[in-house]
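Peer 1:
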Amino acid sequence: ASTDNWGLSFQTEGEPPVGNATAQSLAQYDAYYVGDTTQKVLYLTFDCGYENGYTAQILDVLKDHQAPAAFFVVGHMIQSSPDLIRCMVQEGHIVGNHSVNHPSFPEISFEECQQEIMELHDYVKENFGYEMSLFRFPMGEFSEADLSVLQQLGYKSVFWSFAYRDWLVDDQPDPQEAIQTIESKCHPGAIYLLHAVSKTNTEILGQVIDDLRAQGYTFCAYE
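Here it is in C-alpha cells:
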C-alpha cells in the first residue's frame, strides 16, 4: 500500500488526531488511537524516555488509587532504571515498547525498524521475564508500511486521543490549568498520553483519577 500522504497528525493540547487514517483503517493493522467509545472507560499511558525522579511517585499514586497504566519505555530508561521496570511489572502495569533509540520510523529502513523493536523486546524478555505486546511510535511518526511491520511482529500500535504540553521539564504547565485541560478533554474511550518526566503530572495525577471517577469513568488496562 502507498505510504504517501497517509497517516495522522497529532495535536499537542488535548485534541484528538486528524488525518486520512481513520480509526477503522488503523484497526486493520491492530493500531488504535481511541478505545471503546460506547463506554465511559479511560486508558492512562505514560511515555518514558528517561527517568526524571517522578516515576516512582507516579507508580505510588497508581497503586494507592488502584489504577492501571501502560508505560512506553525506550532502551535508555530500561537499562538505567531496572528497578522501576520491575515495579511496573510486579504491580500489574503494562510495559510497552517505545523503541531502543526513539528514531523517526518513516526515516529508517525496514531492517532498522525491526531492530529498534525486537532488540528492546528481547532485552526485556530476557532480563525481566516480560513479553511486550504494545508499541508506541516515537513522536507519533509512522507510515502504513511501519504499521504493517509492527503487526507482523505481533504488536498492537497504540497512539492517543489526548496529549498536552507536559514534557518540557523547565516549562511545566500550571497544575490547576493542567487539571482543567485534562478533565475537560475527557471522552469515552480516551487514551491519555502523559510524560513521566512531568512534575505537574505527578502532582495532579491522584486528583485527576478521583475527579474522572466521580464523573463515572473507569480506568482500564490497555489490552
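Take any residue in the sequence shown, count from 1 to its spot, add 191: that is its number in the working numbering.
Yeah, the Cβ is synthetic: ideal placement off N, Cα and C, and Gly gets one too.
In this text the structure is predicted, and so the values were computed from the model without any measurement.
Which runs of the alpha helix (DSSP H) fall wholly inside the stretch 248-318 and span at least 4 residues, in chain order?
Peer 2: Those alpha helix (DSSP H) runs which fall completely within the stretch 248-318 and span 4+ residues are 266-271, 273-281.
Peer 1: Going by DSSP, what residue range makes up the beta strand (DSSP E) through Lys347?
Peer 2: Segment 347-349, the beta strand (DSSP E) holding Lys347.
Peer 1: Given Tyr321, which residues of its chain have a CB within under 7 Å of its CB, disregarding the five upstream and five downstream residues?
Peer 2: Taken in chain order, the residues that qualify are Val280, Val286, Val315.
Peer 1: What three-state label does DSSP hand Asp238 in the structure shown?
Peer 2: Three-state result, Asp238: strand.
Peer 1: Reducing DSSP to helix, strand and coil, say where Ser193 ends up.
Peer 2: Residue confidence for Ser193 is low, a pLDDT of 40 falling below 50, so the modelled location carries little weight and cannot support an answer.
Peer 1: Which partner residues of Ile382 appear in the DSSP bridge assignment?
Peer 2: DSSP, once it has assigned bridges, lists Tyr234 as partnering Ile382.
Peer 1: In whole angstroms, what separates the C-alpha of Phe201 from that of Cys278?
Peer 2: Going from the Cα of Phe201 to the Cα of Cys278 covers about 30 Å.
Peer 1: If you follow the alpha helix (DSSP H) that Lys376 is part of, which residue opens it and which one closes it?
Peer 2: Neither: Lys376 is in no alpha helix (DSSP H) and is coded neither H nor E.
Peer 1: Tell me the rounded alpha-carbon separation between Asp361 and Ser389.
Peer 2: Spanning the two alpha carbons is a distance of roughly 10 Å.
Peer 1: Kindly list the residues whose CB is nearer than 6 Å to the CB of Phe328, restricted to its own chain and excluding five residues on each side of it in sequence; keep chain order.
Peer 2: Phe296, listed in sequence order.
Peer 1: DSSP three-state call for Thr393: helix, strand or coil?
Peer 2: Three-state DSSP puts Thr393 in a helix.
Peer 1: Below 8 Å between beta carbons: does that hold for Val232 and Leu396?
Peer 2: No. Outside cutoff.
Peer 1: Taking the alpha-carbon positions, what's the Tyr234 to Ala369 distance?
Peer 2: Rounded to the nearest angstrom, the two C-alpha atoms are 18 Å apart.
Peer 1: Return yes when the Cβ of Ile382 is within less than 8 Å of the Cβ of Val225, no when it is not.
Peer 2: It is a contact, given that the beta carbons lie within the stated cut-off.
Peer 1: Quick one: is Phe263 buried, meaning 16 or more other Cβ sit within 10 Å of its Cβ, or exposed?
Peer 2: Counting Cβ neighbours within 10 Å, Phe263 comes out buried, since at least 16 surround it.
Peer 1: Can Lys347 and Ala222 be called in contact, C-beta distance under 8 Å?
Peer 2: Their beta carbons are under 8 Å apart, which means Lys347 touches Ala222 by this criterion.
Peer 1: On the CB-based measure, 16 or more other CB atoms within 10 Å of its CB, does Ala387 come out buried or exposed?
Peer 2: It counts as buried.
Peer 1: Figure out for me which residue from His284, Gln215, Phe301 has the closest Cα to the Cα of Met419.
Peer 2: Nothing can be reported for residue 419, as the shown portion of the chain is limited to 192 through 414.
Peer 1: Along the chain, where does the alpha helix (DSSP H) that runs through Val340 open and close?
Peer 2: Counting along the chain, the alpha helix (DSSP H) containing Val340 begins and ends at 335-343.
Peer 1: What's the call for Gly198, buried or exposed, on a 16-neighbour Cβ count within 10 Å?
Peer 2: Buried, because 16 or more other Cβ atoms sit within 10 Å of the Cβ of Gly198.
Peer 1: To the nearest whole angstrom, what separates the beta carbons of Thr372 and Glu204, a pair I think is in contact under 8 Å?
Peer 2: Contact holds; Cβ gap of about 7 Å.
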